[in-house]
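**Q** Just so you know, the working numbering puts 298 at position 284 of the sequence shown, and the rest follows in order with no gaps.
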Amino acid sequence: MKDTKQQWFKDSKFGLFIHWGLYSLLAGEYKGTKTKHVSEWIMNDLNIPLEEYKKLATVFHPMNFDANYVVRKAKQWGMKYIVFTAKHHDGFAMWHSKSSLYNIVDATPYKKDILEELRQACDAYGMKLGLYYSQSQDWEDPNGYMNRKDNSKKNFSTYLHAKCIPQIKELLTEYGDIALLWFDTPMGITYEESKEIVSIVKEIQPNCIVSGRIGNGLGEYMTTGDNFIPRLPYEGDWEVPATLNDNWGFNKHDRNWKNVDEIIRLLVKINSRGGNYLLNIGPNANGEIPDESINILDQVGEYVQENAEAIFFTKRSTPYLYEMDWGEMTQKDHKLFVHIFKPRKRIELLNIANRIKKIYIVSNNQNLKFSTSYSCEKCSALEVDLPEEYYTKKNYSICIDYDEIDPVFEPFID
15 MKDTKQQWFK
25 DSKFGLFIHW
35 GLYSLLAGEY
45 KGTKTKHVSE
55 WIMNDLNIPL
65 EEYKKLATVF
75 HPMNFDANYV
85 VRKAKQWGMK
95 YIVFTAKHHD
105 GFAMWHSKSS
115 LYNIVDATPY
125 KKDILEELRQ
135 ACDAYGMKLG
145 LYYSQSQDWE
155 DPNGYMNRKD
165 NSKKNFSTYL
175 HAKCIPQIKE
185 LLTEYGDIAL
195 LWFDTPMGIT
205 YEESKEIVSI
215 VKEIQPNCIV
225 SGRIGNGLGE
235 YMTTGDNFIP
245 RLPYEGDWEV
255 PATLNDNWGF
265 NKHDRNWKNV
275 DEIIRLLVKI
285 NSRGGNYLLN
295 IGPNANGEIP
305 DESINILDQV
315 GEYVQENAEA
325 IFFTKRSTPY
335 LYEMDWGEMT
345 QKDHKLFVHI
355 FKPRKRIELL
365 NIANRIKKIY
375 IVSNNQNLKF
385 STSYSCEKCS
395 ALEVDLPEEY
405 YTKKNYSICI
415 DYDEIDPVFE
425 PFID
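#1: Since E54 and H75 should fall inside the 8 Å C-beta cutoff, what is the C-beta to C-beta distance between them, to a whole number of angstroms?
#2: Which whole runs of the alpha helix (DSSP H) in the segment 250–310 are 4 residues long or more, in chain order?
#3: Would you call F264 buried or exposed, if buried means 16 or more other Cβ atoms sit within 10 Å of its Cβ?
#4: Can you grab the Cα-Cα spacing for the pair D5 / Q134, in whole Å?
#5: Note down the Cα distance separating K432 from G296, rounded to an integer number of angstroms.
#6: Spatial neighbours of F351 within its chain, please: CB distance less than 6 Å, with the 5 preceding and 5 following residues excluded, ordered by chain position.
#7: Report yes if the CB atom of F23 is closer than 9 Å to the CB atom of P255, and no otherwise.
#8: Could you please give me the residues that DSSP links to C178 through a beta bridge?
#9: Indicate whether at least one CB of chain B lies closer than 9 Å to the CB of L40.
#10: So is D127 buried or exposed if we call it buried at 16+ other beta carbons inside 10 Å?
#11: Look up F28 in the DSSP assignment and give the residues it is bridged to.
#12: Using only alpha-carbon positions, find the residue among L36, C222 and Y173 that is nearest to Y124.
#13: What are the start and end residues of the alpha helix (DSSP H) that includes A193?
#14: May I ask which residues mark the beginning and end of the beta strand (DSSP E) holding I373?
#15: Could you check the C-alpha separation between A100 and I223 for me, to the nearest Å?
#16: For S213, does the count of other Cβ atoms within 10 angstroms reach 16, so buried, or fall short, so exposed?
#17: Within a Cβ cutoff of 6 Å, which residues of the same chain sit near N10, ignoring the five residues on either side of it in sequence?
#18: What first and last residue would you give for the beta strand (DSSP E) that runs through V97?
#19: With the cut-off set at 9 Å, would you say I278 and F326 are in Cβ contact?
#20: Measuring only the C-alpha atoms, how far is Y159 from D104?
#21: What are the boundary residues of the alpha helix (DSSP H) that includes Y205?
#22: Using 8 Å for Cβ pairs, my map puts L11 next to V215. What's the rounded Cβ distance?
#23: Determine, using beta carbons only, whether S148 and D191 come nearer to each other than 9 Å.
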């Protein structure tokens, strides 16, 4: 079981992933060919020569990027931490790296340190800042791994000690407290190499969490596959990295946006199983968040803010015996929250055997009438009457306040 030993991570439940780099300029297309894979992998998938790809830096000038706006929106959306792609697989650093001139200050006309701007904005808004760093793949360094390519002649140790570790040290010494380092695609990295990175992180910033994708079982929390959710509640600390459409970086052709209802349900489902939902945006080459992302997350944020009691500081839920196609449950000590995603006139729950003190709507504390009885199978039945104005309403939650520490679900009775 993974344990970050960091209460803030256990309680956060909702975070913002930001995939942004040179690949946003191509927006999923190179010389008339659209990538069939995710846009931030375009250099690898379309075999763009390194010298061609590096030319993107000479025109990368995101004058519309506003770090304060991004962090303020994340706060408005109810997110508790941000993970920013400091260096993705293409090897380009989005901060003023001293270890490589291939960075946002030295290689572009923008000349500003994006990471420093984000650091200041996070400090101003009280937001935890985490950083994505591709520790194994680096398509710019001759000794960095490259997926689906021949790596047999590469001296990975040279890359590790000449670029990777020096850059990690920069991130941990020059940008204040880093909440977590989000590593990715360990590929051929050895146990000893992963352990060396972890040791350096903990030596410099003991409270910085190391993600599961550091490789070789050394991460402090489990990162699921992209957009994958465990079917059952999962013990320990874990997180689902997920997208709003089919890409992580900006792709002008990707219109397959998830709808608001789907995102809300996914958030609650992940929280009910004990995990955090790290949801991604991909700014465009100008540094702007796509309008579709803003529109979706503005509405999701309304749900999160109105139902904050039922989302944050919750814990892994006790498995419920029945499938509810209209809702999900989250819980805290003495409280069971029922998230209602479809219009209903009343709520009926079977097998809940706790003594109930009161039931109320989370967003406004309105008390609800309820009754208990026994079903045909002699199981306890709880019925909650909803106000008439809620008969056509969706996406809200109610709280069942009860005596015992954990909800007691009676077994089926033959």
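Each residue gets a CB set at the ideal place from its N, CA and C atoms; glycine is no exception.
**A** In terms of the structure at hand:
#1: Contact flag wrong, Cβ pair sits at about 19 Å.
#2: 274–286
#3: buried
#4: Since the displayed the chain opens at 15 and closes at 428, residue 5 lies outside it and no answer follows.
#5: Residue 432 lies beyond the stretch modelled for the chain, which goes from 15 to 428, so this question has no answer here.
#6: A324, T344, S411 and C413
#7: no
#8: Per DSSP, none; premise fails for C178.
#9: Any reference to chain B falls outside this structure, which holds one protein chain only.
#10: buried
#11: Y291
#12: L36
#13: No alpha helix (DSSP H) contains A193, which DSSP labels as neither H nor E.
#14: I370 to I375
#15: 16 Å
#16: exposed
#17: Not covered by the structure: residue 10. The range shown for the chain is 15 to 428.
#18: Y95 to K101
#19: no
#20: 11 Å
#21: Y205 to I218
#22: Residue 11 falls outside the range modelled here, since the chain spans only 15 to 428, and no answer is possible.
#23: no
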